[in-house]
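What follows is a single structure, written as structure tokens, with notes after it.
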Amino acid sequence: MKLASKILLLFLVITLLFAGGGSYFVFFNLRSVLEKETGKQQLLIARQLMEEIDIFLYERLQNIKTIGQAPPIIQALASGDSDLIIKADKKLNEFFSTTGPWNNLIVINTKGDVVISSYKIQDISQRPGILAAFQSALKGQVYYSDAILSHVTEKPTIFFSFPMKDTDEAGSPIVGVVVGELAWPAITEYLEKIQEPILAHLYNKEGTVIGANQPGHQEEILKANFKDNPFFQLSLKGRESTMKAQSAHSGFNSLATNANEQGHLSYKGNNWILILETPVSIAFAGANESGWKSGLFIFALIIIFLLLLYFFVKRIFISPITEISSAMEKRAAGDMDLRVKIKTKDEIGRMSATFNQMADKLNDFYRNLEEKVRLRTKELSQKNKKSKEVQKAMVNLLEDLSAEKDNLAREKARDEAILTGIGDGVFVLDSEERIILFNPTAEKISGFAAKEAIGRKYTDILKFIFEKDGSINDEFIKETMAKGKITQMASHTFLIKKDGSKVPVADSAAPIKDEQGRIFGYVVVFRDVTKEREIDKMKTEFVSVASHQLRTPLTGIKWFTELLLKSKPNDTIKNYANQIVISNERMVRLVDDLLDVSRIEAGKKFDIILKNTDIVLIVKSVIKEQAISAKKKNIALVCSADAPHKLILSLDESKINQVFQNLVSNAIKYSKEKTKITIGCQQKKNEAIFFVKDNGVGIPQHQQSQIFNKFFRAENAFSMHTDGSGLGLYIVKAIIEAHKGKIWFESAENKGTTFFFSLPAKS
Amino acid sequence: MQKILIAEDDNILSKAINTALKQQGFETYAAKDGQEALIKAKQFKPDLILLDLIMPKISGEDVLAQLKKDEETKLIPVLVMTVKSEPETISQCIELGAKGYFIKAHYSLEEIVKKVQEALK
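Chains as they are written, first to last, in numbering that gives the first Met the number 0: chain H, 0 to 762; chain F, 0 to 120.
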């Protein structure tokens, strides 16, 4: 949509809203003000009319008093003289024409006989209105009735009466009563002052119509009761008020006001109600028309104003913008020489000037560009030749590459097939420790699906823990990461499965390196060793039970051989018995070693009891104990010269003793005769290092890595025909490690072996 | 003459110790199981008890515990001699009040008699 159309539409919408809303507001506001004012006016009229009626009735009351005090009439009544009565009759007629208007004036004596009347009347007993007026006045009161039916006129009337007395003095006797019957048209005349279309109704306090201003409503008088008329209800609420409702008389929606009768001076009134009603449709017909007219006028004014505004806006903003925009379009289409001619000093002027400048610069730029393009095209056509040759070479290269890629894909597929088919759990970590591969066996063991595992840090889902205390044991992965070396999982490691259960696992982690040796990930291999562990456990238990069972008979042999030797046997028996002792001791040691091994195997670390002990004393006692067997082979068993005289360390005396016993007895076993064994000790800052050095057969190079394995014995050890279970070094290593120490050795075949071990010094 | 109660279910071992102790002039009593050991301890009021751990009816550990609970026997020194070498068993017996603990196969009869004499001092 164009800018002009958008603004025009906007203006139209605003116009309709404002003009419609404005004129509607004016029209209805005007009408309600008019109604309010009309109501006020009508109220004033009603109040004034009601007052006028009251004053008129007050005057009639005054009239009747005057008549009742007229001396000729009183004298005639008192004397009964016929002459005086004629005079009085004359006087009454005079009153009849000068006051009123009356229907009749009647003078009645105290007996109830009509003495004189304006219109002839004989018996008042048939006239309830007159009778009531007479009887009231006879009691000495001035009286007036409510509007009641006149038997003469068949219309409403009011009876006034006054007691006539001889003198003015108080207590003077009543001689008669004068009764006046009001001529009702006088009241109607007041109402008729109110003109069409206003309806005026006078009601008595019971709601019966007693007067109306319009001829069409005369029939309602004294007949229709309008107690339920909403307008009448209005009068009960307040003295003077206004309301709008449907009229019970005309049926029109009317604006009604009431004025309640208040009386005037001694005339207290009968609580009559005057109601004026104006039919809204008729009364405001003119007002409606003028309201519509002014609304339309305002509507037209606003439209004209906005149209003017639109044309101004169009002239000032839209036309220039349209011109610039069409210039731009033409410029874009290729009209290079087009310029905008707007020269105003506002923003639009500046915009057109800028456009012109821009057009100039663009033209310059194009001209330059064309020149450059021409030059470049030349160069390019030369280069094109060359590049075609290069392209050919590239195509060849790409063909080679794609063949290489196929090879790689095949290799990758093969690797993946291997990983998938492998019986061990395998997962691969990237350098950020996130899992990037998780094989089906790993899924099976861990319970995690590859989907769940891949992309997450292995520490988030795979918890390797120590069997003993449940603490995290992924040290083997950490160490692989830190050192870039293949690292074995610590023994007795559990993996917590997805369902929370634990499965014993074993194996290792290894770094993955690229061709330059840079580590870009790690592969962790683990396998479920539940069955292995069960078998191990059974084996260990068997060894333990068997060992215990063996000890008892061994003890029997030991003790009875001892008793035998004590029983003074001959030399042959003594010699035999000594052989039994040696064999028995070997057997006892073997059982001891087996029990130690079974404890290590069961995962129970040596429960070493650490005490501050002088290790030099231990060394000395071992030397003393082993001296006999050393002497047998003429081996010098010595302490190194630089050993300290005293060295207190925190250790388990019996276990360290066992270590030295083992190492020294091994050294003796594997030494040739007349050699030397040195036990040494070096104290360092945080640790103490001990060694047992021999000049024996040494350990063959290719078997050195297995020397601490249980039941392992080097091949040259067998050739020495010495006894040995292959358990000693295994146990020694376990003891040293239980002390948080380390054990290692240096050995050369046929030259000798030195075993070192370290123990932490007290901190 | 000092009285030694030997609580040992193995006949051969019992006989060996019995012989060694008698040679040294001790009066000995033998019990074949834990129950018998408890009865004889009360009956003969020995000066020392050599107590095996693995025995029928009542284990050596329980015998030791009951001896130490009973006013009549709680002061009798007890030397535990057994094939069990687990550190936890040793410390359990020491806690229960054993005066000494030795592993049968590791000691000669001579050494045992020496230990008995030391314990009686």
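For glycine and all other residues, C-beta sits at the position ideal for the given N, C-alpha and C.
Here the structure is a predicted model, which means the values were calculated and not measured.
Kindly indicate which three-state DSSP category residue i falls into: helix, strand or coil?
i, result
"glutamate 26 of chain F", "strand"
"methionine 80 of chain F", "strand"
"serine 325 of chain H", "helix"
"threonine 560 of chain H", "helix"
"isoleucine 120 of chain H", "coil"
"valine 62 of chain F", "helix"
"alanine 6 of chain F", "strand"
"glycine 725 of chain H", "coil"
"phenylalanine 159 of chain H", "strand"
"lysine 456 of chain H", "strand"
"leucine 71 of chain F", "Sequence check: residue 71 of chain F is glutamate here, not leucine. Three-state result, glutamate 71 of chain F: coil."
"glycine 483 of chain H", "coil"
"histidine 701 of chain H", "helix"
"alanine 75 of chain H", "helix"
"alanine 635 of chain H", "strand"
"valine 663 of chain H", "helix"
Measuring CA to CA, which of the options is closest to residue i?
i, options, result
"leucine 275 of chain H", "H/Ile197, H/Gly348 and H/Ser351", "H/Ile197"
"serine 620 of chain H", "H/Leu636, H/Arg598, H/Ile607 and H/Lys631", "H/Leu636"
"alanine 131 of chain H", "H/Lys709, H/Ile147, H/Ser116 and H/Phe298", "H/Ile147"
"glutamate 714 of chain H", "H/Tyr729, H/Asn708, H/Leu728 and H/Ile698", "H/Ile698"
"methionine 80 of chain F", "F/Thr72, F/Leu95, F/Ala104 and F/Asp61", "F/Ala104"
"aspartate 641 of chain H", "H/Ile688, H/Gly294 and H/Ser664", "H/Ile688"
"asparagine 694 of chain H", "H/Ala412, H/Tyr23, H/Lys739 and H/Phe754", "H/Phe754"
"glutamate 218 of chain H", "H/Glu153, H/Ala182 and H/Phe159", "H/Glu153"
"lysine 236 of chain H", "H/Lys204, H/Arg526 and H/Asn252", "H/Lys204"
"isoleucine 48 of chain F", "F/Ile11, F/Glu26 and F/Ser90", "F/Glu26"
"valine 524 of chain H", "H/Gly499, H/Asp570 and H/Leu461", "H/Leu461"
"isoleucine 57 of chain F", "F/Lys21, F/Glu35 and F/Leu78", "F/Glu35"
"glutamine 47 of chain H", "H/Pro127, H/Ile341 and H/Tyr189", "H/Tyr189"
Can you name the residues that DSSP bridges to residue i?
i, result
"asparagine 108 of chain H", "H/Gly175"
"phenylalanine 754 of chain H", "H/Val691 and H/Phe744"
"leucine 273 of chain H", "H/Leu201 and H/Ala258"
"arginine 46 of chain H", "Arginine 46 of chain H pairs with nothing; no bridge assigned."
"serine 240 of chain H", "H/Asn257"
"serine 380 of chain H", "For serine 380 of chain H, which the question treats as bridged, DSSP gives no partner whatsoever."
"serine 246 of chain H", "In the DSSP output, where bridge partners are listed per residue, serine 246 of chain H has none listed."
"aspartate 527 of chain H", "H/Val504"
"phenylalanine 437 of chain H", "H/Phe426"
"isoleucine 509 of chain H", "The identity of residue 509 of chain H in the sequence shown is alanine, whereas the question assumes isoleucine. Beta-bridge pairing links alanine 509 of chain H to H/Val522."
"aspartate 613 of chain H", "H/Ile647"
"leucine 148 of chain H", "H/Pro155"
Excluding the five sequence neighbours on either side, which residues of its own chain have a C-beta within less than 7 Å of the C-beta of residue i, listed in chain order?
i, result
"isoleucine 173 of chain H", "Thr109, Leu137, Gly139, Pro162, Met163 and Lys164"
"isoleucine 556 of chain H", "Ile579 and Asn583"
"arginine 433 of chain H", "Gly454, Arg455 and Lys456"
"lysine 73 of chain F", "Leu66 and Lys67"
"asparagine 92 of chain H", "Ser117"
"serine 386 of chain H", "none"
"glutamine 390 of chain H", "none"
Give me, in chain order, the residues of the same chain whose beta-carbon lies closer than 8 Å to that of residue i; leave out the 5 immediate sequence neighbours on both sides.
i, result
"lysine 86 of chain H", "Pro71 and Ala75"
"threonine 321 of chain H", "Lys1, Leu2 and Ala3"
"isoleucine 281 of chain H", "Pro196 and Phe251"
"methionine 327 of chain H", "Phe354"
Excluding five sequence neighbours on each side, which residues of the same chain lie with their C-beta closer than 6 Å to the C-beta of residue i?
i, result
"phenylalanine 710 of chain H", "Gly725"
"leucine 108 of chain F", "Ala19"
"phenylalanine 10 of chain H", "Leu305 and Tyr309"
"phenylalanine 251 of chain H", "Pro278"
"threonine 674 of chain H", "Ile634 and Asn694"
"serine 144 of chain H", "Ile157 and Phe158"
"glutamate 7 of chain F", "Ser13 and Asp51"
When the Cβ atoms of the stretch 256-268 of chain H are set against those of the stretch 47-58 of chain H, are three or more pairs found closer than 8 Å?
yes
The stretch 654-665 of chain H touching the stretch 620-631 of chain H, judged by at least three CB pairs closer than 8 Å
yes
Would you check if there are 3 or more beta carbon pairs closer than 8 Å linking the stretch 484-498 of chain H to the stretch 511-520 of chain H?
no
Determine contact between the stretch 222-239 of chain H and the stretch 199-211 of chain H, defined as no fewer than three beta-carbon pairs at a distance below 8 Å.
yes
Contact the stretch 11-27 of chain H vs the stretch 313-327 of chain H: 3+ CB pairs below 8 Å:
In short, these stretches do not touch, since the Cβ pair count stays below three.
Counting Cβ pairs, one atom from each stretch, are 3 or more of them under 8 Å apart for the stretch 699-707 of chain H and the stretch 641-655 of chain H?
Contact between the stretch 699-707 of chain H and the stretch 641-655 of chain H is not established, with fewer than three Cβ pairs separated by less than 8 Å.
Three or more beta-carbon pairs under 8 Å between the stretch 436-455 of chain H and the stretch 467-476 of chain H, yes or no?
No, the stretch 436-455 of chain H is not in contact with the stretch 467-476 of chain H.
On the three-pair Cβ rule with 8 Å, is the stretch 545-561 of chain H touching the stretch 4-15 of chain F?
yes
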